[in-house]
Amino acid sequence: MTQRIESKYTVTRVIKASALLPDTRTLFEHWDENRSVKENIQMAASRNIFGKSSRVRVSDILKVFEARYLRSNGTANAIQRLLDSPLPAEITDRVLYYYTALAEPILYDFVTETLYDLYQRGRQVISKEDALDFIRDAVRDGKTEGQWDSPITVNRVAVGLLSTLRDFRILNGQKGSTKPKPFAPVHLPVEAFVFIAFDMKKDGLSGARLIHHPNWRLFLLKLSDVERLFIEAHQLNYLRYEAAGSLVRLEFPYEDQLDVAEAIINKWQRLNYRRA
1054 MTQRIESKYT VTRVIKASAL LPDTRTLFEH WDENRSVKEN IQMAASRNIF GKSSRVRVSD
1114 ILKVFEARYL RSNGTANAIQ RLLDSPLPAE ITDRVLYYYT ALAEPILYDF VTETLYDLYQ
1174 RGRQVISKED ALDFIRDAVR DGKTEGQWDS PITVNRVAVG LLSTLRDFRI LNGQKGSTKP
1234 KPFAPVHLPV EAFVFIAFDM KKDGLSGARL IHHPNWRLFL LKLSDVERLF IEAHQLNYLR
1294 YEAAGSLVRL EFPYEDQLDV AEAIINKWQR LNYRRA
């Protein structure tokens, strides 16, 4: 499983980065699977593929992407294949969001602790004050790099969190609006679910532990939602899933992430072209 980065919360990545979806697609449009991650990063910097006026900004973006998507050649090549396919953004953006959350501790904790709890209790919107409360608690508990004493800093981080979640469509709302943001409808396409589940399973996570894993809270999914998605994936022959009480058997017929990406793309094309 791609491990989530566990470190103290930092200011710069949340304020400067957000979802960066257009730049992410630009990076992988230029990605060469025959080159190493290091070589691809050097290429992106030297060619300024993002079209930024500042080399510092380019360097900042590449550092963010290195933490999110480029921790291994296998992951990077699989993401490149997904983004280069006809799969719609509602599928691929969910995969990008998953890796972003694993790389950004403050985002992961805000969603899996605060947002998930509020959503399950029936809240329909998230306000900036909810994010500010979360950040103030984090500062008090020593989870941040430094004390973040400046109210301006705390406010910018809160805005950055909500903007990132809006860009990834976990929340709805207008860009730049200060109004509370409604929760987007909970939706994890089965194709994205299979790719993420394989990433979580590939290092030996047992079936039961995988079903109950807190990573699914990133998508605001309840246990019954996760079980339903495993059943759907089983029915589509993406994987083998058997459950009897607390015993869960889970098998994937794939060698690596690129293999599962190819299977998802091929099946999606067959199903959708048949409907067309």
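Taking our numbering, the leading residue of the sequence shown gets 1054, the next gets one more, and so forth.
All residues carry an ideal CB built from backbone N, CA and C; glycine is no exception.
These numbers were taken from a predicted model, which means no experiment stands behind them.
_Cβ pair Leu1303, Leu1274 closer than 8 Å_ = Here the question's residue 1303 lines up with position 250 in the sequence shown. Here the question's residue 1274 lines up with position 221 in the sequence shown. At a Cβ-Cβ threshold of 8 Å, Leu1303 and Leu1274 do not count as neighbours.
*Straight-line gap, Asp1256 to Arg1174 (C-alpha atoms, nearest Å)*: Counting from one through the sequence shown, the residue named residue 1256 turns up at place 203. Counting from one through the sequence shown, the residue named residue 1174 turns up at place 121. Rounded to the nearest angstrom, the two C-alpha atoms are 33 Å apart.
*Distance, Leu1123 Cα to Ser1216 Cα*: Numbered from 1 along the sequence shown, position 163 holds the residue referred to as residue 1216. Numbered from 1 along the sequence shown, position 70 holds the residue referred to as residue 1123. Roughly 23 Å between the two C-alpha positions.
*Looking only at its own chain, which residues have a Cβ that is under 7 Å from the Cβ of Pro1233, when we skip the five neighbours before and after it?*
Taking the first residue of the sequence shown as position 1, residue 1233 is located at position 180. Taking C-beta separations shorter than 7 Å and ignoring five residues to either side along the sequence, the partners of Pro1233 in its chain run Val1178, Ile1179 and Ser1180, following chain order.
*Close Cβ partners of Ala1120 (< 6 Å) along its chain, the five nearest in sequence each way excluded*: Residue mapping note: residue 1120 aligns to position 67 of the sequence shown, counting from 1. Correct list, in chain order: Ala1156.
_Just to confirm, is the Cβ distance from Ile1114 to Leu1168 under 8 Å?_
In the sequence shown, the residue the question calls residue 1114 occupies position 61. In the sequence shown, the residue the question calls residue 1168 occupies position 115. In this structure, Leu1168 does not lie closer than 8 Å to Ile1114 by Cβ.
_Would Leu1160 and Ala1184 be called neighbours here (beta carbons separated by less than 8 Å)?_
Mapped onto the sequence shown, residue 1160 falls at position 107. Mapped onto the sequence shown, residue 1184 falls at position 131. It is not a contact, given that the beta carbons lie outside the stated cut-off.
*asked:* I need the straight-line Cα distance from Thr1165 to Asn1268, nearest angstrom please.
replied: On the sequence shown, position 112 is the one that residue 1165 refers to. On the sequence shown, position 215 is the one that residue 1268 refers to. Looking at the two C-alpha atoms, the distance is approximately 8 Å.
*C-alpha distance - Leu1218 paired with Asp1170, whole-angstrom precision*: Reading the sequence shown from its first residue, position 165 is the one you call residue 1218. Reading the sequence shown from its first residue, position 117 is the one you call residue 1170. If you draw a straight line from the Cα of Leu1218 to the Cα of Asp1170, it comes to about 16 Å.
*Roughly how many angstroms separate the alpha carbons of Tyr1151 and Leu1282, rounded to a whole number?*
What you label residue 1151 is simply residue 98 of the sequence shown in a count that begins at 1. What you label residue 1282 is simply residue 229 of the sequence shown in a count that begins at 1. Across the structure, Tyr1151 and Leu1282 are spaced so that their CA atoms are roughly 16 Å apart.
*Helix, strand or coil at Phe1118 [DSSP, three-state]*: Mapped onto the sequence shown, residue 1118 falls at position 65. In this structure, Phe1118 counts as helix in the three-state DSSP scheme.
*Nearest to Leu1276 by CA position, among Arg1088, Ala1261 and Leu1289, is which residue?*
Here residue 1276 is taken as the residue at index 223 of the sequence shown, counted from 1. Leu1276 has its Cα closest to that of Ala1261, out of Arg1088, Ala1261 and Leu1289.
_According to DSSP, simplified to helix, strand and coil, what is Phe1236?_
Walking along the sequence shown from the start, residue 1236 turns up at place 183. If DSSP states are grouped into helix, strand and coil, Phe1236 belongs with the strands.
*Spatially closest choice to Arg1078 from Glu1059, Pro1141 and Val1064, by CA coordinates*: Residue 1078 sits at position 25 when you count from the first residue of the sequence shown. Nearest to Arg1078 by C-alpha distance, out of Glu1059, Pro1141 and Val1064, is Pro1141.
*Using the C-alpha atoms, what's the distance from Asn1130 back to Gln1012?*
Nothing can be reported for residue 1012: it is not among the residues displayed for the chain, which extend from 1054 to 1329.
*Are Ala1245 and Ile1132 touching if we call contact CB-CB under 8 Å?*
Within the sequence shown, residue 1245 is the residue found at index 192, counting from 1. Within the sequence shown, residue 1132 is the residue found at index 79, counting from 1. No, the Cβ-Cβ distance between Ala1245 and Ile1132 is not below 8 Å.
*DSSP on Glu1304, reduced to helix/strand/coil?*
Counting from 1 along the sequence shown, the entry for residue 1304 is found at position 251. Under the three-state reduction of DSSP, Glu1304 is assigned to strand.
*State buried or exposed for Val1326, treating a residue as buried only when at least 16 other CB atoms are found within 10 Å of its CB.*
Numbered from its first residue, the sequence shown carries residue 1326 at position 273. Checking the sequence shown, residue 1326 turns out to be Tyr, not Val. Taking all protein chains in view, the Cβ of Tyr1326 is surrounded by fewer than 16 other Cβ atoms within 10 Å, so the residue is classified as exposed.
*Residue burial classification, Thr1231 (beta-carbon count within 10 angstroms, cutoff 16)*: The residue given as residue 1231 occupies position 178 in the sequence shown. Flag for Thr1231 reads exposed.
*asked:* Residues in the same chain with beta-carbon distance under 7 Å from Gly1199, minus the five sequence neighbours each way, listed in chain order, please.
replied: On the sequence shown, position 146 is the one that residue 1199 refers to. Hits under 7 Å: none found.
_Assuming the contact rule is C-beta atoms closer than 8 Å, Leu1135 and Ile1102 should be a hit. Round their C-beta distance to whole Å, please._
Start at 1 with the first residue of the sequence shown, and residue 1135 comes out as number 82. Start at 1 with the first residue of the sequence shown, and residue 1102 comes out as number 49. Not a contact, Cβ separation roughly 19 Å.
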